[in-house]
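Residue numbers (the UniProt record's numbering): 1 to 191.
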């Protein structure tokens with residue numbers, strides 16, 4: 001049904017796509033540590049544990065609570081507030097990206113190559129799409145607009161929720177508009 005393969009881990013709401021290579025994460029980690037130092041911040045034990053938890057769960061788009069549980073295994077004394085504060089800091093520094101789900105909660109990922117995300121409106125499944133549309137600006141638009149980031153989130157239903165007959169909710173997803181089936185969806189196919 002989809003032009004890509006999805007495999008599920010132990011948690012039914014998380015898809016794992018083998019998109020990232022370990023080598024690229026290791027290189028990226030050094031750059032992230034350097035960014036902390038450039039901003040006058042130390043790589044404390046807690047920050048390192050949280051960064052390693054993000055790397056360990058890099059394909060899962062973990063919640064702050066997932067990262068807290070992962071970090072607590074390595075550093076039993078780490079506090080929940082420390083994890084949340086560190087994630088806010090990492091986000092502010094551009095080390096991580098936050099994805100807002102339908103319920104207002106956030107999922108996190110290491111900030112790397114730009115890519116789109118699919119978010120299931122039924123179960124909250126989040127996974128990365130390798131092919132992202134490219135937006136080209138005309139010369140006049142480039143003069144008037146400085147792009148500092150981009151985010152593309154596609155909302156819909158995973159194959160399991162679609163098979164269960166899930167319906168579009170009566171409210172708009174965060175940062176997006178639900179488009180009627182006969183409108184924008186004409187040019188989009190699932191496979």
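We put the CB at the ideal spot given by N, CA and C, even for glycine.
*asked:* Counting C-beta neighbours from all protein chains within 10 Å, is the total for residue 37 16 or more, i.e. buried, or is it exposed?
replied: Translated into positions along the chain shown, residue 37 becomes position 37. It counts as exposed.
*Mapping DSSP to helix, strand and coil, what is residue 55?*
Within the chain shown, numbered from 1, the residue matching residue 55 stands at position 55. DSSP places residue 55 in helix when its eight states are reduced to three.
_Paired residues, beta bridge with residue 96 - DSSP_ = Within the chain shown, numbered from 1, the residue matching residue 96 stands at position 96. DSSP output for residue 96 lists 110 as bridge partner(s).
*What's the call for residue 138, buried or exposed, on a 16-neighbour Cβ count within 10 Å?*
Along the chain shown, one-based indexing puts residue 138 at 138. Its Cβ having fewer than 16 others within 10 Å, residue 138 is exposed.
_Given this structure, state the Cα-to-Cα distance separating residue 114 from residue 97, to the nearest angstrom._
Residue mapping note: residue 114 aligns to position 114 of the chain shown, counting from 1. Residue mapping note: residue 97 aligns to position 97 of the chain shown, counting from 1. The alpha-carbon atoms of residue 114 and residue 97 are separated by roughly 10 Å.
*asked:* The alpha helix (DSSP H) that contains residue 162, what's its start and end?
replied: Position 162 of the chain shown, counting from 1, holds the residue named residue 162. Looking at the DSSP string, the run of the alpha helix (DSSP H) that includes residue 162 is 159 to 163.
*Tell me whether residue 63 is buried or exposed, calling it buried when 16 or more other Cβ atoms sit within 10 Å of its Cβ.*
Mapped onto the chain shown, residue 63 falls at position 63. Under this definition residue 63 is a buried residue.
*From which residue to which residue does the beta strand (DSSP E) around residue 192 run?*
Outside the modelled stretch of the chain, which goes from 1 to 191, sits residue 192, for which no answer is possible.
*Would you check if the distance between the CB atom of residue 75 and the CB atom of residue 118 is smaller than 9 Å?*
Position 75 of the chain shown, counted from the start, is the residue given in the question as residue 75. Position 118 of the chain shown, counted from the start, is the residue given in the question as residue 118. Between residue 75 and residue 118, the C-beta spacing is not below 9 Å.
_Using C-beta distances below 7 Å, list every residue in its chain close to residue 44, excluding the 5 sequence neighbours before and after it, in chain order._
Against the chain shown, residue 44 aligns to sequence position 44. Closer than 7 Å at the Cβ level, and outside the excluded window around residue 44, lies no residue.
_Rounded to the nearest angstrom, what separates residue 111 and residue 167 at their Cα positions?_
For the purposes of this step, residue 111 is taken as the residue at position 111 of the chain shown. For the purposes of this step, residue 167 is taken as the residue at position 167 of the chain shown. Rounded to whole angstroms, the gap between the alpha carbons of residue 111 and residue 167 is 32 Å.
*Would you check if there are 3 or more beta carbon pairs closer than 8 Å linking the stretch 140 to 154 to the stretch 67 to 86?*
Fewer than three Cβ pairs drawn from the stretch 140 to 154 and the stretch 67 to 86 lie within less than 8 Å of each other, which leaves the two stretches out of contact.
*Does the distance from the C-beta atom of residue 83 to that of residue 50 stay below 9 Å?*
To locate residue 83, count along the chain shown from 1; it is residue 83. To locate residue 50, count along the chain shown from 1; it is residue 50. In terms of Cβ geometry, residue 83 and residue 50 form a close pair [threshold 9 Å].
*asked:* Please tell me whether residue 161 and residue 121 are closer than 9 Å, where the distance is taken between their beta carbons.
replied: Locating residue 161 in the chain shown gives position 161, counting from the first residue. Locating residue 121 in the chain shown gives position 121, counting from the first residue. Taking 9 Å as the cut-off, the beta carbon of residue 161 is found closer than this to the beta carbon of residue 121.
*Ends of the beta strand (DSSP E) at residue 154?*
Position 154 of the chain shown, counting from 1, holds the residue named residue 154. DSSP places residue 154 inside the beta strand (DSSP E), whose first and last residues are 153 to 156.
_Given a cut-off of 9 Å on the beta-carbon distance, is the pair residue 86 and residue 47 in contact?_
Here residue 86 refers to the residue found at position 86 of the chain shown. Here residue 47 refers to the residue found at position 47 of the chain shown. Yes, the pair counts as a contact, with Cβ atoms nearer than the cut-off.
*Looking at the structure shown, is residue 38 part of a helix, part of a strand, or coil, going by DSSP?*
As a first step, residue 38 must be located in the chain shown, where it is residue number 38. Residue 38 carries a helical assignment under DSSP once its states are collapsed to helix, strand and coil.
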